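Q: Numbering (the numbering used here) for the sequence shown: 324 to 648. Beta carbons are placed, not taken as given, at the ideal position from N, Cα and C, and that holds for glycine. These figures come from a predicted structure and were not determined experimentally. For reference, the structure I am asking about is given below.
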Amino acid sequence: MASITKAPKGSSGTARANAGPAGGPGHRPPARTRPRPPLRRIAVPWLFLAPVLALFGVFKFWPTIWGMYLSFFEVRPYLGNRWTGWDNFTAAFHDDLLRSALWHTVIDAGATVVASALLGFGLALLLEGPARHVRLLRTAAFLPVVTAMVAVAELWSTLLFPGEYGSLNSLLGHLGLGPMPFLSDPDSSLASVMLVQVWKSAPYDMVIFVAGLAGIDRQLYEAAALDGAGAWQRLRHVTIPALSPVTTIVLTLGLIRGLRVFTEIYVLTGGGPAGSTESIVTYVYKEGIQNNDLGTASAVSTVLFLVTVLLTCLTLWWRNRKEAA
Numbered sequence: 324m325a326s327i328t329k330a331p332k333g334s335s336g337t338a339r340a341n342a343g344p345a346g347g348p349g350h351r352p353p354a355r356t357r358p359r360p361p362l363r364r365i366a367v368p369w370l371f372l373a374p375v376l377a378l379f380g381v382f383k384f385w386p387t388i389w390g391m392y393l394s395f396f397e398v399r400p401y402l403g404n405r406w407t408g409w410d411n412f413t414a415a416f417h418d419d420l421l422r423s424a425l426w427h428t429v430i431d432a433g434a435t436v437v438a439s440a441l442l443g444f445g446l447a448l449l450l451e452g453p454a455r456h457v458r459l460l461r462t463a464a465f466l467p468v469v470t471a472m473v474a475v476a477e478l479w480s481t482l483l484f485p486g487e488y489g490s491l492n493s494l495l496g497h498l499g500l501g502p503m504p505f506l507s508d509p510d511s512s513l514a515s516v517m518l519v520q521v522w523k524s525a526p527y528d529m530v531i532f533v534a535g536l537a538g539i540d541r542q543l544y545e546a547a548a549l550d551g552a553g554a555w556q557r558l559r560h561v562t563i564p565a566l567s568p569v570t571t572i573v574l575t576l577g578l579i580r581g582l583r584v585f586t587e588i589y590v591l592t593g594g595g596p597a598g599s600t601e602s603i604v605t606y607v608y609k610e611g612i613q614n615n616d617l618g619t620a621s622a623v624s625t626v627l628f629l630v631t632v633l634l635t636c637l638t639l640w641w642r643n644r645k646e647a648a
């Protein structure tokens with residue numbers, strides 16, 4: 324026979340109704356506390372990450388912090404650094420060379436990110452699919468991305484070499500068009516450098532777009548086809564809207580890549596001719612290494628770093644807000 328327990332004084336009727344025989348319908352088993360994972364289970368992943376974190380700390384985080392620190396000093400090796408406050412920033416942004424480099428960087432970043440994204444999207448539409456030959460073509464198209472930028476720039480330097488000794492100019496000479504000063508003319512040098520950047524970065528954007536295309540529900544295309552939508556309408560009303568998050572990522576990465584352009588400019592033109600291809604990073608290199616003005620170089624680098632972080636944060640904020648809407 325079940326024992327009837329007297330509810331404590333002041334308890335509610337609900338509590339009395341829940342009282343019942345052990346194991347009965349009204350019995351509530353005590354909540355089980357989830358055991359904490361052992362310390363070893365927590366520490367092992369961090370031990371595997373420790374070498375990479377140490378490398379990042381030595382070669383990424385510490386140089387960034389140290390560079391921001393030096394931006395407020397006149398760096399004088401062996402004599403001691405002298406505090407200058409904001410003077411390095413003021414002097415840098417009153418320099419006409421930096422203004423010109425900033426303008427070139429904005430043009431370069433804006434043009435290359437759009438051209439690379441469009442070309443990458445077109446390649447993704449052509450090379451999207453599980454067929455074996457398509458995978459081989461995607462691999463071949465991706466090769467410029469995994470090739471060192473110095474090697475790519477040297478290759479294009481040979482192709483675009485001014486005069487009849489350049490590969491492309493030699494071909495133009497056989498066609499009776501004459502040599503073109505691709506890299507030696509201030510009017511065409513920046514466009515030639517941007518061509519190299521697009522050639523290298525478009526396959527990277529292609530891979531991101533291919534991943535986005537693979538995630539689109541095929542039933543959307545079938546429903547659009549049943550409604551009589553053609554290929555262009557399906558692309559416009561199904562594919563492009565579905566790829567909006569992917570496009571945001573591609574554009575953000577492209578802008579960051581464009582703001583940091585250095586290797587291709589340094590190898591192809593060195594910032595010339597007449598400063599027509601000077602970028603922010605080449606300006607930093609010349610100020611810090613050639614002119615031995617590490618304070619000004621650090622100041623410009625700090626501003627570039629903060630702009631990059633701000634751009635990334637704004638993009639993530641806009642993307643999260645759009646997804647939540």
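#1: Quick one: which unbroken alpha helix (DSSP H) runs of 4-plus residues sit fully inside the segment 416-476? Chain order, please.
#2: According to DSSP, R405 sits in a beta bridge with which residue or residues?
#3: Starting from the C-beta of R405, find all residues in its chain whose C-beta is less than 8 Å away, skip the five residues before and the five after it, and write them out in chain order.
#4: Can you tell me whether V569 is buried or exposed? The criterion is at least 16 other CB atoms within 10 Å of its CB, across all chains shown.
#5: Helix, strand or coil: how does DSSP classify G598 here?
#6: Given that a residue counts as buried once 16 or more other Cβ atoms are within 10 Å of its Cβ, and exposed if not, what is N492?
#7: Would you mind giving the Cβ-Cβ distance between L634 and L576, rounded to the nearest angstrom? I have them listed as a contact below 8 Å.
#8: List the whole-angstrom C-beta distance separating A424 from E587, where the pair is believed to meet the contact cut-off of C-beta under 8 Å.
#9: Are the segment 539-555 and the segment 623-634 touching, with three or more C-beta to C-beta distances below 8 Å?
#10: Find the nearest neighbour of V429 within the set W641, A622, E646, V604, judged by alpha-carbon distance.
#11: With A525 as the anchor, note down where its alpha helix (DSSP H) starts and where it stops.
#12: Comparing C-alpha positions only, which one of T413, P596, V468 sits nearest to A620?
#13: Taking 8 Å as the threshold (C-beta atoms), are V516 and T591 in contact?
#14: Quick check: what's the CA-CA separation for V473 versus L442?
#15: Could you tell me which of T435, F585, Y488 sits nearest to S524, measuring between CA atoms?
#16: At the level of alpha carbons, what is the spacing between R364 and V381?
#17: Quick one: residues in its chain with C-beta nearer than 7 Å to the C-beta of L483, no 5 flanking neighbours on either side, listed in chain order?
#18: From what residue to what residue does the alpha helix (DSSP H) around N542 run?
#19: Output the residue ranges of the alpha helix (DSSP H) runs that lie fully inside the segment 546-580 and measure 4 residues or longer, sorted by chain position.
#20: Quick one: residues in its chain with C-beta nearer than 7 Å to the C-beta of P509, no 5 flanking neighbours on either side, listed in chain order?
#21: On the DSSP letters alone, give me the boundaries of the alpha helix (DSSP H) that N615 sits inside.
#22: Got a sec? Which residues, its chain only, sit under 7 Å from T337 by beta carbon, not counting five neighbours each side?
#23: Going by DSSP in three states, P374 sits in which element: helix, strand or coil?
#24: What number of angstroms, rounded off, separates the C-alpha of K383 from the C-alpha of D550?
#25: Taking 7 Å as the limit between beta carbons, can you name the residues of its chain near K332, skipping five residues before and five after?
#26: For the alpha helix (DSSP H) containing S493, list its first residue and its last residue.
#27: Work out the CA separation of S512 and L498 for me, nearest whole Å.
#28: Identify whether M503 lies in helix, strand or coil by the three-state DSSP scheme.
#29: Can you check whether the CB of G408 is closer than 8 Å to the CB of S624?
A: This is what the structure gives:
#1: Taking only runs of at least 4 residues, the alpha helix (DSSP H) segments lying wholly in the segment 416-476 are 419-450, 455-469.
#2: Its beta-bridge partners are E397.
#3: Within the same chain, R405 has close Cβ partners F396, E397, R399.
#4: The residue is buried, with at least 16 neighbouring Cβ atoms inside 10 Å.
#5: The answer is coil: DSSP assigns G598 none of H, G, I, E or B.
#6: Label assigned to N492: buried.
#7: The C-beta distance from L634 to L576 rounds to 11 Å, too long to meet the 8 Å contact threshold.
#8: So it is not a contact: roughly 15 Å between Cβ atoms.
#9: By the Cβ test, the segment 539-555 is not in contact with the segment 623-634, since fewer than three Cβ pairs between them sit closer than 8 Å.
#10: For the set W641, A622, E646, V604, the Cα lying nearest the Cα of V429 is the one of V604.
#11: First-last of the alpha helix (DSSP H) with A525: 512-537.
#12: The shortest Cα separation from A620 among T413, P596, V468 belongs to T413.
#13: A small correction: the amino acid at residue 591 is Leu; Thr does not occupy that position in the sequence shown. In contact: L591 and V516 (Cβ atoms closer than 8 Å).
#14: Their Cα atoms are separated by approximately 22 Å.
#15: Of the candidates T435, F585, Y488, T435 places its Cα closest to the Cα of S524.
#16: Cα to Cα, R364 sits roughly 27 Å from V381.
#17: These residues qualify, in order along the chain: G489, L491, F505, L506, S515.
#18: The displayed chain sequence assigns Gln, not Asn, to residue 542. 541-549 is the extent of the alpha helix (DSSP H) around Q542.
#19: Correct list: 554-557.
#20: Once the five neighbours on either side are set aside, the close Cβ partners of P509 are P596, A597, S599.
#21: Per DSSP, N615 is not a residue of any alpha helix (DSSP H), being assigned neither H nor E.
#22: Here the model assigns T337 a pLDDT of 46, short of 50, so the residue's position is not dependable, and the following value carries that caveat. If the five residues before and after T337 are omitted, its C-beta is found closer than 7 Å to no C-beta atom of its own chain.
#23: Three-state DSSP puts P374 in a helix.
#24: Distance between the alpha carbons of K383 and D550: 53 Å.
#25: Unreliable positioning characterises K332 in this predicted model, as indicated by a pLDDT of 47, which lies under 50. A coordinate reading is not provided.
#26: 490-497 is the span of the alpha helix (DSSP H), which, as asked, contains S493.
#27: In this structure, the straight-line span from the alpha carbon of L498 to that of S512 is close to 22 Å.
#28: Coil at M503, not helix or strand.
#29: Their beta carbons are not under 8 Å apart, which means S624 does not touch G408 by this criterion.
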